[in-house]
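Residue numbers (my numbering): 548 to 619.
C-beta: ideal position from N, C-alpha, C; glycine also.
Here it is, written out as structure tokens:
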């Protein structure tokens, strides 16, 4: 397994986005097959990304498999 560029964590499942000057980090665990994760992104995502763009924090996305072992 080759980790994708600009990732960290086990198997390259973590991606950090945001301004380097941000002092806080919001960690989000998300499963691409999870309907609740999708609902969170659709409902809260625009506000979270507005704060991200304002430099209030970085976002650390951690890819996960909550539902079952079939998503990776």
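Relative to the C-alpha of residue i, which candidate in the options has its C-alpha closest?
i, options, result
"residue 567", "601, 594, 610 and 561", "601"
"residue 612", "549, 582, 569 and 571", "582"
"residue 598", "564, 559, 614 and 610", "564"
"residue 595", "560, 575, 557 and 580", "575"
"residue 605", "561, 550 and 557", "561"
By how many angstroms is the C-alpha of residue j removed from the C-alpha of residue i?
i, j, result
"residue 607", "residue 572", "7 Å"
"residue 603", "residue 593", "14 Å"
"residue 580", "residue 614", "7 Å"
Fill in: Length at least 4, wholly inside the region 549-607: the alpha helix (DSSP H) runs in chain order
582-600
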